[in-house]
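What follows is a single structure, written as structure tokens, with notes after it.
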């Protein structure tokens with residue numbers, strides 16, 4: 003069995019050849035159509051040789067430059083169609099329908115999408131018009147399916163249906179997935195990098211094809227946008243992710259987002275920041291003077307210049323003034339709104355009187371660092387303060403006139419905001435303290451407010467990790483998360499047996515184009531124990547991979563082979579080859595942490611980071627260390643205790659009997675025959691004196707405070723020997739934190755791998 007990264011359309015798909023003269027494939031950037039008979043085999047439509055154009059439909063087509071602002075548009079549309087929303091885009095597009103003369107039926111594949119009620123013409127199955135046909139999602143868990151009876155006129159109304167992120171295929175209940183064959187017409191369209199639409203139009207003439215065009219990934223760039231009345235300096239990370247626009251404070255410029263842009267870009271977003279008119283490097287016409295609403299309108303012009311449709315908007319401090327101005331003037335363009343450390347320039351008596359009572363007249367005479375930065379940061383981060391002051395010195399240009407807002411805002415106006423809104427005050431902000439931002443929150447329907455601890459008026463600079471995490475979590479709630487590293491291929495989800503090194507390893511792969519994260523289960527589990535991790539990591543945009551080790555679960559081994567040194571680490575290495583995966587984050591819990599450590603030492607070139615969770619470090623052979631672990635676990639009595647006593651914290655057992663029962667059930671089915679295969683030995687023995695030299699990848703080492711296998715003191719003793727190791731102690735948790743406290747476990751791992 004080969005890697006599960008092939009498109010179903012490739013099975014039985016014909017090779018391109020001169021006999022298929024009825025088949026036409028459109029090159030996206032050219033708006034033209036070539037018949038296969040008009041070009042040699044292995045020739046792209048532009049004439050260049052390329053083995054990927056051999057007719058194997060699952061192979062990637064090379065990206066072509068296009069206007070980054072162009073929307074998906076039908077080149078030829080004959081009737082109304084189905085509304086489709088791609089998870090990697092905020093725009094809603096129409097897939098044009100087919101009139102009945104075009105043929106019998108068509109199939110639709112979308113990676114991450116939403117179908118809305120609408121009219122589809124020509125949706126006629128191979129069982130003919132007038133018959134009922136079942137169409138459903140085929141991607142893991144489908145949230146719906148529907149029957150349709152296609153009338154003789156070939157037009158039918160369908161209800162709304164939503165499929166989760168991952169491949170979806172329209173399926174016919176009698177004939178399986180609707181597949182193309184060599185005598186039918188197939189038109190394939192790839193949506194840039196992060197999404198795929200495949201439309202198979204069967205039984206049609208080449209001239210009846212409907213072609214679509216959508217922008218390729220936007221290029222990364224930095225420079226000036228020549229806009230009405232101003233040359234606006236901007237930075238654009240490019241890519242095909244959902245855009246995020248950052249609006250700086252009055253005390254900064256686009257450089258103020260230094261600690262935020264990389265995090266948002268790494269999460270898969272297209273990040274754009276610019277110097278507002280009169281700030282930084284942006285240059286307004288000298289004669290322009292104050293122009294009400296110019297900043298919001300500059301922003302609108304920049305969005306049009308960059309070809310943006312909808313986006314997330316983040317404004318901090320004075321940037322929040324602009325953000326609020328913009329959302330009231332152009333609400334249709336926002337996916338969500340984040341207001342940080344700002345009163346939004348709301349000129350309402352409730353706010354202005356409260357500010358007057360709490361802010362003395364001498365306030366503005368205070369040094370800027372005192373007004374803007376919290377005291378903890380001032381006291382402990384002299385380099386950060388110096389850098390912040392340097393950016394501040396290059397912020398507002400001397401003599402630049404203040405730009406009035408477009409709208410004189412009042413609190414009742416905020417009640418018209420429909421965009422999901424997050425408010426982020428800093429608890430030590432003297433300019434926009436939490437009590438003022440709470441007033442704004444009470445007037446913005448459905449808004450959320452999160453206070454950032456030990457932050458002043460520059461929370462994105464003072465507490466960037468907290469700021470980034472809160473903003474990214476909010477984005478995830480209100481638009482589908484992009485896949486980190488959007489240039490990777492979009493891989494189909496799959497699970498099954500992989501024949502590897504004399505064994506059949508059961509594996510699960512959620513697919514997608516995200517950074518892969520491999521999870522290695524403990525000795526009391528199998529792939530099934532990660533049921534609380536798969537949703538969280540896939541929602542964060544990662545590709546989740548796990549497998550049953552030779553001793554466990556549904557993996558099948560030859561019992562006569564006996565122990566094989568380093569089998570688990572070598573199996574993982576071979577599985578990554580099988581799945582065509584290069585580098586991964588590796589997360590191992592308990593005994594799985596030992597495998598993770600073994601793999602990281604043996605194959606460091608394949609490891610982005612390694613998280614060793616609540617593992618007793620059995621590979622360490624120092625007599626002193628072995629004596630300590632022996633005292634912790636008296637044998638044989640300790641191993642004779644029920645597994646839940648050894649593995650699950652007492653607090654969890656007492657408070658969650660149903661969860662404990664489920665854990666016991668999964669522990670038992672991880673070894674269905676009640677026994678274990680021969681123990682598989684590790685590849686590497688370790689010693690405390692040299693462990694730091696052996697580990698050459700970013701590492702997180704954790705312990706749980708109620709875990710007899712690895713108490714925190716022992717974990718710290720080991721971690722102290724590993725340079726730059728990060729450590730975390732889980733509170734009120736036993737050996738199975740992944741199960742007892744899944745939210746804490748997931749957040750800890752996501753925070754760590756997000757740095758690497």
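In this note's numbering, the protein residues as written are 3 to 758. Glycine included, every Cβ here is placed at the ideal spot set by N, Cα and C.
Within the same chain, Cβ atoms closer than 8 angstroms to the Cβ of residue 277 are found at 234, 235, 236, 250, 255, 256, 283, 284, the five residues on either side in sequence being excluded. For residue 346 against residue 442, the beta-carbon gap comes to about 6 angstroms, under 8 angstroms, which counts as contact. Secondary-structure assignment with DSSP links residue 259 through no beta bridge to anything. Approximately 19 angstroms separates the beta-carbon atoms of residue 668 and residue 558; this is outside 8 angstroms, ruling out the contact. Distance from the CA atom of residue 756 to the CA atom of residue 265, rounded to whole angstroms, is 8 angstroms. Check the Cα spacing between residue 591 and each of 523, 419, 330, 495: the tightest is with 523.
Sequence-distant Cβ neighbours of residue 689 in its own chain, meaning closer than 8 angstroms and more than five residues away, are 622, 623, 624. Between residue 372 and residue 384, the C-beta gap is not smaller than 9 angstroms, which leaves the two residues out of contact. Straight-line spacing of the CA atoms in residue 396 and residue 281 works out to 8 angstroms. Rounded to the nearest whole angstrom, the C-alpha separation of residue 355 and residue 717 is 54 angstroms. Residue 376 and residue 434 do not touch by the CB rule: their CB atoms are close to 13 angstroms apart, not below 8 angstroms. DSSP, read as helix, strand or coil, puts residue 617 in coil. Secondary structure note for residue 508: its beta strand (DSSP E) is the uninterrupted segment 505 to 511. Spanning the alpha carbons of residue 459 and residue 750 requires a straight line of approximately 27 angstroms. Minimum Cα-Cα distance from residue 390 among the listed residues 330, 261, 424 corresponds to 261. Going by DSSP, residue 532 is part of no alpha helix (DSSP H) at all; its letter is neither H nor E. Under the three-state reduction of DSSP, residue 693 is assigned to helix. Scanning its chain for C-beta atoms nearer than 6 angstroms, with the 5 sequence neighbours on each side dropped, one finds around residue 521 the residues 532, 548, 589, in chain order. Each residue's CA atom was taken as its position, placing residue 367 and residue 711 some 58 angstroms apart. Counted as a single uninterrupted DSSP element, the stretch harbouring residue 603 is not any beta strand (DSSP E) but the alpha helix (DSSP H) occupying residues 593 to 604. DSSP lists 688 as the beta-bridge partner residues of residue 622. Boundaries of the alpha helix (DSSP H) harbouring residue 572: 569 to 580, taken from the DSSP string. Separation of the CB atoms of residue 338 and residue 422 is rounded to 4 angstroms, and the pair is thereby assigned contact status at 8 angstroms. Within the same chain, and ignoring the five residues on either side of residue 734 in sequence, the residues whose Cβ sits closer than 6 angstroms to its Cβ are 653. Note on geometry: alpha-carbon atoms of residue 651 and residue 664 lie some 14 angstroms from one another.
Distance from the CA atom of residue 231 to the CA atom of residue 225, rounded to whole angstroms, is 16 angstroms. By the Cβ neighbour-count rule, residue 449 is buried, with 16 or more other Cβ atoms within 10 Å of its own. Here residue 387 carries a helix assignment [DSSP, helix/strand/coil].
Between the C-alpha atoms of residue 630 and residue 446 there is a straight-line separation of about 58 angstroms. Where residue 224 is concerned, there is no enclosing alpha helix (DSSP H), although the beta strand (DSSP E) around it starts and stops at 223 to 229.
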